[in-house]
Structures are given as C-alpha cells and as structure tokens.
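To start, the structure under review is shown below, and the notes come after it.
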Amino acid sequence: MTRRISWTLLAVLVLAQICYPLTTGDTRAGLTVATVVLGWLLSVGHALLSRGPRVAAALVAVATGGGFAIEAIGVATGVPFGSYDYSGELGPKLAGVPLIIPLAWTWMAWPAWLAAVRLTGGNAATADGGALTAGGSGSMVGRWVGRIALATVGLAAWDLFLDPQMVAEGYWVWRDATPALPGLAGIPVSNYLGWLLFAVLMMSALRPLAGPAAAHTDRRDHPMVALYLWTYFSSILAHAVFLDLPASALWGAAGMAVTAVPLTVTFLRAHRGGDPGREAHQPHRPGVDATR
C-alpha cells in the first residue's frame with residue numbers, strides 16, 4: 182500500500198513537471214505551486230506510511246517548520262542567504278515568505294536523507310539502533326558524519342537547479358547578486374552557502390528527532406530513490422534543452438552528481454543481484470522500529 186500510494190503521487194508529480202516547460206505566465210506559476218504541494222504530500226506521506234507518525238512529525242518540524250523559520254529570517258535580515266524578496270506569484274505569504282516555500286524544503290529533504298542513508302550502509306541489518314559493526318563506535322561515528330555530509334550536499338546541490346530557474350521566472354529577486362558563480366548571474370554565492378548551512382542543521386536534527394526508524398532503508402523507499410534520480414536527470418534535461426539555462430544545467434549536474442551518481446550505481450547493482458548489501462526484504466514495522 183505504501184509503495185502504491187507513493188508511486189501514484191510520484192507519477193502525478195512527474196506529469197506536472199513535464200507540463201511545466203509547456204506553459205507560461207499564471208499557468209506556469211500555478212503549476213509550480215501545485216508541484217511543490219504534490220512533492221510535500223509525497224515525501225511526508227511516504228514518511229508517515231513507511232515509518233509512522235514520529236518520523237513524519239520530525240520531518241515536518243525540521244524541514245517545514247525549520248524551512249519557514251530560516252526563510253523568514255532570510256527575508257527580514259538577509260542572513261544566511263543574502264538579501265532577497267519574493268514576488269506575489271507563488272501564492273499567499275506569511276512574514277514575507279510564500280507558504281509553499283517551506284514545503285519545497287520538505288519535498289527534497291526526505292529523499293536526500295534516504296539517499297544518504299542508503300549510500301552509507303543504512304539497510305535494515307545495519308540500522309543505527311542495531312549492534313555495532315566490527316569497526317566499533319569509531320566506524321559508527323564515521324558513518325554518521327558521512328551520512329550528514331552526503332544528505333546535506335544531496336539537498337543543497339538541488340538549489341543549483343532551483344534558484345536559477347525560479348529567478349528566471351521572476352518568483353524572487355536578489356538585491357545584491359555579487360559575487361556569483363560563473364554563468365549564474367543574478368544569484369549570490371552566499372545563497373548556496375546559506376543552503377549548505379541550513380541543510381546541515383536540518384539533517385543533523387532529523388535523525389535524533391525521528392528515531393531509529395529513519396536510520397535504514399528498504400524496498401518501500403524505492404519511490405523516494407526514483408524521485409531523487411528523476412529530479413536530477415530531468416532537471417539536467419529541462420535546463421539544457423527546454424528552459425535555456427545551460428549554465429545551471431552544468432552546475433546542477435556536477436553538484437547533485439555527488440549523491441545521484443553513486444545512488445544510481447547502487448540502485449542498479451541491487452536490482453541486478455550483484456550487491457550483497459542491498460536492502461533487507463523484511464518490511465518496516467513503524468510501531469516497533471520507532472521504539473527499538
């Protein structure tokens with residue numbers, strides 16, 4: 182049931198994103214809002230159905246609540262992203278922040294986290310709540326640090342696609358866009374550094390709040406893997422071919438590749454039967470796993 186619902190929402194989301202370059206004006210803005218809402222429902226719904234209310238609540242608190250807080254601070258003070266303003270095209274605002282913006286943080290935070298868990302050995306047999314591996318506590322700490330770093334980059338690098346696309350549409354504007362990355366005029370480097378800062382805080386807080394159920398992956402997470410990889414490959418294609426944003430296509434391809442490329446390799450190996458460490462086949466038990 183979890184995978185069926187998730188795959189259905191993902192299919193609708195993909196369809197909406199395919200329609201995006203085919204629209205303009207108010208229709209495109211409305212489609213942007215609808216896509217973000219769909220992404221939020223997909224990620225939060227998957228967290229709830231696969232791992233239970235504690236994980237879903239933690240995701241909403243950290244990503245949605247935290248996302249709104251950091252955006253409100255950013256609009257009011259220019260910290261940590263730089264000085265910027267939102268237009269009125271993304272719907273109603275609170276404290277100068279369109280209400281869909283924190284939903285976007287949540288939409289991609291969850292698949293980025295699960296991708297990092299999968300790539301750092303987070304299958305059911307090696308969950309953080311289980312026995313220590315042969316390397317002892319040192320290897321556990323190393324895995325934890327690596328997981329946080331990978332999840333942080335996996336989320337923050339998405340903005341190398343997102344910000345150029347949204348600025349090109351006029352959904353927000355930077356008051357001082359210097360210095361900027363080559364080819365990405367109009368967006369200051371401070372924006373990407375701000376994303377890294379908030380992403381590391383978010384990912385560091387998610388696991389303690391969510392509990393052990395967020396520390397491993399299994400087959401029910403395939404829709405989230407597909408979401409992350411679809412976002413990566415479709416964004417490269419859209420920016421390079423349909424949106425006339427070749428520089429962000431290159432920057433985004435390079436940045437998200439840190440997570441997306443090894444995730445693709447790991448996923449393909451698992452399904453070809455060549456990866457001995459592929460996820461366990463037993464399903465999660467949210468009520469049990471959350472209390473281990």
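Under the working numbering, the first residue of the sequence shown carries the number 182, and numbering increases by one thereafter.
Glycine included, every Cβ here is placed at the ideal spot set by N, Cα and C.
| Query | Result |
| --- | --- |
| Reduced DSSP secondary structure (H/G/I, E/B, other) of alanine 237 | helix |
| Start and end residues, alpha helix (DSSP H) containing tryptophan 288 | 282–300 |
| CB contact below 9 Å: leucine 275 versus chain D | Note that chain D does not occur in the displayed structure, where there is just one protein chain. |
| Between the CA atoms of valine 354 and leucine 431 - distance to the nearest angstrom | 22 Å |
| Helix, strand or coil at alanine 266 [DSSP, three-state] | The sequence given here places aspartate at residue 266; alanine does not occur at that position. It is a strand residue. |
| For alanine 361: DSSP bridge partner residues | Pro369 |
| Spatially closest choice to leucine 449 from Ser224, Leu410 and Ser416, by CA coordinates | Leu410 |
| Pick from Val236, Leu203 and Pro283 that is closest to isoleucine 254, judged by C-alpha positions | Pro283 |
| Residue span of the beta strand (DSSP E) that contains valine 354, given as start and end | 353–355 |
| Close beta carbons around tryptophan 286, own chain, < 6 Å, minus the five adjacent residues each side | Ala244 and Gly248 |
| For proline 171, three-class secondary structure by DSSP | Nothing about residue 171 can be read from this structure; the chain reaches only from 182 to 473. |
| Residues of its chain near leucine 378, where Cβ-Cβ distance is below 7 Å and the 5 sequence neighbours each way are ignored | Pro261 |
| Cβ-heavy atom distance, alanine 197 to the ligand ADP, below 8 Å | For the ligand ADP, the structure offers nothing, since it holds no ligand at all. |
| Three CB pairs or more closer than 8 Å across the region 289–301 and the region 219–234 | yes |
| Separation of methionine 321 from proline 202, as counted between CA atoms | 44 Å |
| Rounded C-alpha distance that separates aspartate 357 from glycine 433 | 22 Å |
| Glutamate 350 beta carbon less than 9 Å from that of threonine 204 | no |
| Cβ-based neighbour list, alanine 338, same chain, cut-off 6 Å, excluding 5 preceding and 5 following | Gly436 and Met437 |
| Close beta carbons around alanine 215, own chain, < 7 Å, minus the five adjacent residues each side | Ala197 |
| Three-pair Cβ contact test at 8 Å for the region 333–347 versus the region 364–373 | yes |
| Short Cβ contact (9 Å threshold) for tryptophan 188 with proline 404 | yes |
| Identity of the residue in Leu190, Tyr352, Thr398 and Ser416 nearest alanine 296 by Cα | Thr398 |
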